[in-house]
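Reading through the structure tokens given below for one structure.
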Amino acid sequence: MAAPDPIISVRGLVTNLGGRLIHDHVDLDVRRGEVIAIVGGSGSGKSVLLRSIVGLMRPASGSIHVFGEDVLAMDNGAMRALQRRWGVLFQDGALFSSQTVAENIQVPLREFTDVPQPLMNEIAAIKLAMVGLEADTAAKYPSELSGGMRKRASLARALALDPEIVFLDEPTAGLDPIAAAAFDALIASLQKSLGLTVFMVTHDLDTLHAIASRVAVLVDRKLKVGTIDAVRADPNPWIQEYFSGPRGRAAIGATR
Amino acid sequence: MTNPWFHLDRSGGTLRLTAGGAWTVYHAGIIDAGLRRLEPDGAPIVEIDAGQVEALDTTGVWLLLRTRTQLANAGARIAAFEVPEHYRPLFQVIETDTPPPPAVVRTKDTFADFFERIGRATHETLTQAVGILGYVGRITIEWFKAVTRPQRHFRFTATVRQIEEVGINALPIVGLLMFLVGVVLAYQGSDQLKKFGLDIFTVNALGIGVLRELGVLITAIIIAGRSGSAFTAQIGTMKVNEEIDAMQTMGLNVDDVLILPRVTGLVIALPFLTFYADIVALIGGAIMCYFDMGITAPMFVRQLHQAINLDTFLVGMIKAPVFAYVIGMVGCFEGLNVERNAASVGKLTTRSVVEAVFLVIVLDAGFSVMFSILGI
């Protein structure tokens with residue numbers, strides 16, 4: 001199943017947290033342009049995997065390559081060059097609360113480019129329109145936004161530099177079903193038009209069916225990767241419970 | 001990647017704009033100003049050819065579209081708009097969603113804003129003053145309830161826990177600092193008094209200074225920085241986390257659970273801390289007196305005994321519970337004022353410490369005036 005040119009490649013990843021083994025030799029390849037969804041029970045280490053790939057946590061052993069470069073053996077300069085090629089959407093948005101939405105979106109622009117301020121304002125306005133927010137959101141502070149708007153604004157910030165990969169940590173958690181479906185549609189359309197690779201941690205079965213090209217299930221400290229149908233055929237009890245429990249069946253029914 | 005470029009050809013009534021290079025956000029600064037100045041200059045027809053663009057992102061797309069709109073608005077007819085085929089989807093995203101003129105980020109301060117800010121600050125200060133008065137009243141009522149019906153309102157375990165946290169755990173820092181204060185006072189005192197041959201009176205200055213004023217004052221300021229801030233941060237974080245709301249919905253009285261144990265614990269602990277601080281400062285001073293002037297411990301104690309009486313000690317001690325009450329109340333009050341964002345916790349913690357130290361020093365001055373009128 002190894003693709004010729006994986007954009008993210010994880011090999012033999014072992015993570016220990018407080019003496020507890022979270023990942024036991026996890027392997028994962030993410031192909032350019034796909035939407036991969038990481039699912040798993042609460043506390044199974046999905047977010048830890050995401051945080052390891054973007055360099056927020058150091059695994060005990062194993063290797064992580066993004067764009068073919070070794071994330072773990074990287075100096076600060078190389079890491080900075082890498083960081084502008086991806087965007088991360090954190091669970092609750094993680095917008096800087098002391099800045100307006102427009103200023104939030106402009107943070108990466110200010111840090112990595114020498115775009116003049118008027119153009120920067122225009123870029124902020126485009127990104128807001130891309131994620132479906134009104135233009136007047138630009139001057140608002142994160143505390144004035146609803147949860148769904150915060151996520152959209154945060155996605156706009158993640159997209160500020162037109163990254164090749166976006167990491168989404170539970171993009172639809174805490175959204176009402178309509179807002180969640182709209183967010184799914186938004187990610188799907190952006191992914192298509194911008195050619196993004198999407199690495200997504202989620203619980204949401206509807207999201208999974210709506211936009212994921214492949215699914216990676218984190219069970220018993222290992223990853224099982226494949227298309228939804230292939231993974232669903234796995235006899236593992238947690239996977240069976242997840243996909244064939246009442247919610248899993250409802251989500252399948254909805255897509256058929 | 002090559003830098004972006006564009007050039008213009010005029011043939012007859014047609015202005016042809018050819019673009020190439022990497023039109024991305026990283027290089028957009030190079031061409032932005034030039035594109036903004038672009039005008040058709042009377043050419044009725046404009047053709048835009050971006051077929052040679054090597055790399056394009058949303059910013060590059062925006063620049064092309066903005067230029068097109070700009071030229072069209074200046075009266076030219078856009079006869080052609082060519083873009084590389086594989087970037088078409090990108091144009092669709094922006095074209096369908098192109099925003100109206102970009103939003104203003106933040107308005108500059110004007111002179112009128114200056115008055116607005118003064119007005120807001122005044123209003124906020126007054127509201128704050130009224131708020132703290134109401135809060136003091138509420139806590140006092142809760143306190144009376146707790147005293148009259150301790151089994152229902154008074155949290156004994158939590159209070160003891162707070163005494164440990166604000167009192168016992170503060171012993172090392174208070175001890176070290178007060179020891180140094182004693183050393184410094186004795187050294188400075190002896191330096192001056194030596195000139196008059198009054199070395200021994202260093203002990204008087206030290207004893208009275210520490211017991212009446214410095215012991216309690218410095219301890220209170222340390223505790224305001226250490227525990228007052230902790231109260232605000234703890235309660236504030238709980239507020240951010242909706243824990244306070246959870247308590248209220250469960251029928252728990254926030255004042256009973258969070259405020260009374262903290263304030264009571266501090267009021268009990270601070271007098272003991274002050275006593276400890278007094279002793280340590282005197283020890284520090286005594287050691288300095290011995291090394292600097294050869295005043296032995298028995299001489300020091302005899303001199304101290306002559307210099308001070310019980311009142312000197314009590315004047316200092318009586319302030320301790322008052323200061324503790326103020327520090328605790330301010331710390332908890334500001335904690336409850338925290339709003340649901342991260343910046344608020346930091347802002348109010350700072351404010352809590354500043355207010356507590358301010359009030360402690362003002363009250364200390366008040367005590368001094370009162371004692372001098374009473375002639376103590």
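Line order of the protein sequences matches chains P and L. With the first letter of the first sequence counted as 1, position 107 gets the number 107 in full-length UniProt numbering; the numbers rise by one all the way through. With the first letter of the second sequence counted as 1, position 225 gets the number 225 in full-length UniProt numbering; the numbers rise by one all the way through. Ideal Cβ placement from N, Cα and C applies to all residues, glycine included.
Close-in-space but distant-in-sequence residues of the same chain around residue i (CB under 6 Å, 5 per side omitted)
{"i": "Ser44 of chain P", "result": "Leu218"}
{"i": "Ile105 of chain P", "result": "Ala124, Lys127, Ala156, Arg157 and Ala160"}
{"i": "Leu190 of chain P", "result": "none"}
{"i": "Ala103 of chain L", "result": "Low confidence applies to Ala103 of chain L: its pLDDT is 49, below 50, so where it sits in the model is not reliable enough to give any reading."}
{"i": "Met200 of chain P", "result": "Ala37 and Leu168"}
{"i": "Arg155 of chain L", "result": "Pro261"}
{"i": "Asp256 of chain L", "result": "His153"}
{"i": "Asp364 of chain L", "result": "Leu217"}
{"i": "Leu133 of chain P", "result": "Arg152"}
Residue i (DSSP reduced to helix, strand or coil)
{"i": "Leu35 of chain L", "result": "helix"}
{"i": "Thr58 of chain L", "result": "helix"}
{"i": "Asp311 of chain L", "result": "helix"}
{"i": "Gln91 of chain P", "result": "coil"}
{"i": "Ile376 of chain L", "result": "coil"}
{"i": "Arg155 of chain L", "result": "coil"}
{"i": "Gln99 of chain P", "result": "coil"}
{"i": "residue 265 of chain P", "result": "Lying before the first or after the last residue shown, residue 265 of chain P is absent from chain P, which here runs from 1 to 256."}
{"i": "Arg226 of chain L", "result": "helix"}
{"i": "Gly316 of chain L", "result": "helix"}
{"i": "Ser213 of chain P", "result": "coil"}
{"i": "Ala103 of chain L", "result": "The predicted model places Ala103 of chain L with a pLDDT of 49, which falls under 50 and marks its position as unreliable, so this point remains unresolved."}
{"i": "Leu218 of chain P", "result": "strand"}
{"i": "Gly132 of chain P", "result": "coil"}
{"i": "Glu242 of chain L", "result": "coil"}
{"i": "His305 of chain L", "result": "helix"}
{"i": "Glu69 of chain P", "result": "strand"}
{"i": "Gly331 of chain L", "result": "helix"}
{"i": "Gly167 of chain L", "result": "coil"}
{"i": "Glu170 of chain P", "result": "coil"}
{"i": "Pro89 of chain L", "result": "helix"}
Extent of the continuous alpha helix (DSSP H) to which residue i belongs
{"i": "residue 436 of chain L", "result": "A query on residue 436 of chain L cannot be resolved here, the shown segment of chain L reaching from 1 to 376 and no further."}
{"i": "Leu190 of chain P", "result": "Pro177 to Leu194"}
{"i": "Phe243 of chain P", "result": "Pro237 to Ser244"}
For residue i, the first and last residue of its enclosing beta strand (DSSP E)
{"i": "Thr202 of chain L", "result": "Premise fails: Thr202 of chain L lies in the alpha helix (DSSP H), Phe201 to Ile208, not in any beta strand (DSSP E)."}
{"i": "Met200 of chain P", "result": "Thr197 to Val201"}
{"i": "Lys224 of chain P", "result": "Lys222 to Gly226"}
{"i": "Ala160 of chain P", "result": "Run containing Ala160 of chain P: none; DSSP gives neither H nor E here."}
{"i": "Thr15 of chain P", "result": "Pro6 to Leu17"}
{"i": "Arg212 of chain L", "result": "Arg212 of chain L -> no beta strand (DSSP E), and no H or E assigned at all."}
{"i": "Phe81 of chain L", "result": "Arg77 to Glu82"}
{"i": "Arg16 of chain L", "result": "Thr14 to Trp23"}
{"i": "Ala37 of chain P", "result": "Val35 to Gly40"}
{"i": "Asp113 of chain L", "result": "It is not in any beta strand (DSSP E) - Asp113 of chain L instead sits in the alpha helix (DSSP H) that spans Phe111 to Thr148."}
Beta-carbon gap between residue i and residue j smaller than 8 Å
{"i": "Phe90 of chain P", "j": "Asp169 of chain P", "result": "yes"}
{"i": "residue 430 of chain L", "j": "Leu217 of chain L", "result": "Limits of chain L in this structure are 1 at one end and 376 at the other, which puts residue 430 of chain L out of reach."}
{"i": "Gly346 of chain L", "j": "Gly228 of chain L", "result": "no"}
{"i": "Ala80 of chain L", "j": "Asp49 of chain L", "result": "yes"}
{"i": "Gly93 of chain P", "j": "Ala139 of chain P", "result": "no"}
{"i": "Asp162 of chain P", "j": "Asp32 of chain L", "result": "no"}
{"i": "Phe179 of chain L", "j": "Val280 of chain L", "result": "yes"}
{"i": "Leu119 of chain P", "j": "Ala170 of chain L", "result": "no"}
{"i": "Leu56 of chain P", "j": "Ser63 of chain P", "result": "no"}
{"i": "Gln234 of chain L", "j": "Gly335 of chain L", "result": "yes"}
Sequence-distant residues of the same chain with beta carbon closer than 7 Å to residue i, five excluded per side
{"i": "Gly265 of chain L", "result": "Thr159, Gln162, Ile163 and Val166"}
{"i": "Thr2 of chain L", "result": "Gly21, Ala22 and Glu54"}
{"i": "Pro44 of chain L", "result": "Gly13, Ala76 and Arg77"}
{"i": "Asp245 of chain L", "result": "none"}
{"i": "Ile308 of chain L", "result": "Gly207, Ile208 and Leu211"}
{"i": "Trp62 of chain L", "result": "Ile94"}
{"i": "Ala74 of chain L", "result": "Glu39 and Pro40"}
Nonlocal neighbours in the same chain, by C-beta distance under 8 Å from residue i, ignoring five residues either side
{"i": "Leu90 of chain L", "result": "Leu56, Asp57, Thr58 and Val61"}
{"i": "Asn341 of chain L", "result": "Val240"}
{"i": "Thr312 of chain L", "result": "Gly207, Ile208, Leu211 and Arg212"}
Discussion item. Please identify, using Cβ separations under 9 Å, the residues of the region 158-184 of chain P that lie next to chain L, in order along the chain.
Written reply: Cβ contacts with chain L: Leu159, Ala160, Leu161 and Asp162.
Practice prompt. Return the residues of the region 237-266 of chain L that lie within a Cβ-Cβ distance of less than 8 Å from chain P, sorted by chain order.
Written response: Residues passing the 8 Å Cβ filter: none.
Worksheet item: Given a limit of 7 Å on CB to CB distance, which residues of the region 39-63 of chain L reach chain P?
Response: Under the 7 Å Cβ criterion, the region 39-63 of chain L contributes Asp57, Thr58, Thr59 and Trp62.
Fill in: Under 8 Å (Cβ pairs) to chain L, residues found in the region 55-75 of chain P
Answer in chain order: no residues at all.
Worksheet item: Can you list, in chain order, the residues of the region 145-169 of chain L whose Cβ is nearer than 8 Å to any Cβ on chain P?
Response: When C-beta distances to chain P are compared with 8 Å, every residue of the region 145-169 of chain L stays at or above that value.
Fill in: chain P contacts from the region 5-37 of chain L (Cβ-Cβ distance under 9 Å)
So the close ones are Thr24, Val25, Tyr26, His27, Ala28, Gly29, Ile30, Asp32, Ala33 and Arg36.
Practice prompt. Scan the region 336-349 of chain L for residues whose Cβ lies nearer than 8 Å to a Cβ of chain C and list them as they occur along the chain.
Written response: Reference to chain C is not applicable here, since the protein chains of this structure are P and L.
Worksheet item: If contact means a Cβ-Cβ distance below 7 Å, which residues of the region 357-375 of chain L contact chain P?
Response: Answer in chain order: no residues at all.
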